[in-house]
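Engineer: I'd like to ask you about the structure that follows.
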Amino acid sequence: MSQTQEISDVRSSNWGIWASIVILAAAFLAYFFAPQLLGAALPAYAKPVILAVGFILAIVSFFVSPTGKTFMVFSQESFREARKVVWPTRKEVLQMTGVVFAFVVVVGLFVWAVDTTISEILRLFVV
Numbered sequence: 265m266s267q268t269q270e271i272s273d274v275r276s277s278n279w280g281i282w283a284s285i286v287i288l289a290a291a292f293l294a295y296f297f298a299p300q301l302l303g304a305a306l307p308a309y310a311k312p313v314i315l316a317v318g319f320i321l322a323i324v325s326f327f328v329s330p331t332g333k334t335f336m337v338f339s340q341e342s343f344r345e346a347r348k349v350v351w352p353t354r355k356e357v358l359q360m361t362g363v364v365f366a367f368v369v370v371v372g373l374f375v376w377a378v379d380t381t382i383s384e385i386l387r388l389f390v391v
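Shown next, in the form of structure tokens:
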């Protein structure tokens, strides 16, 4: 019984996502087909305004939905956790960057040496 309840809760919480998708689709359709639908030319500023209003409405409809609220809580907790992290100092970052750079150079030289060796071996057999 609880599984059925969870499934219906998940399905009912998706209305915000679907509303956002429908609003975005309507905004794009209005952007491209508004002059044909209205039968007249629109001012130059009208099409970008239609698109911007559509984006704003889609974002608002997403964030007022249960999925959007869950996303906001998740984002806030993520930022809170990111502030708790002990980030490396500038010196540590530069040291690790140097180690990575040196390792990349060494691996690059190794790959070049292997490639050259294989090329020379193949040249002996082919020519």
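In terms of our numbering, the sequence shown is residues 265 to 391.
Glycine is no exception: its CB is placed at the ideal position from the N, C-alpha and C atoms.
(1) So for residue 265, helix, strand or coil by DSSP?
(2) Should the segment 307-321 be called in touch with the segment 287-298, which here means at least 3 C-beta pairs below 8 Å?
(3) Following the continuous alpha helix (DSSP H) through residue 290, name the residue where it begins and the one where it ends.
(4) Helix, strand or coil for residue 329, going by three-state DSSP, please let me know.
(5) Within the 9 Å Cβ cut-off, does residue 292 reach chain D?
(6) Suppose you measure from the CA of residue 312 to the CA of residue 347; what does that come to, to the nearest Å?
(7) Who are the Cβ neighbours of residue 306 in its own chain at under 7 Å, not counting the five residues just before and after it?
(8) From the DSSP output, in three-state form, read off residue 406 for me.
Structural biologist: With the given structure in hand:
(1) Summary for residue 265: the model assigns pLDDT 49, below 50, so the residue's position carries little reliability, and this model does not support an answer.
(2) Enough Cβ pairs lie closer than 8 Å, so yes.
(3) Start and end: 279-302.
(4) Under the three-state reduction of DSSP, residue 329 is assigned to coil, being neither helix nor strand.
(5) Chain labels in this structure do not include chain D; a single protein chain is all it has.
(6) Distance between the alpha carbons of residue 312 and residue 347 is about 38 Å.
(7) Excluding sequence neighbours, residue 306 sits near 298, 299.
(8) As shown, the chain starts at 265 and ends at 391. That puts residue 406 outside it, with no answer to give.
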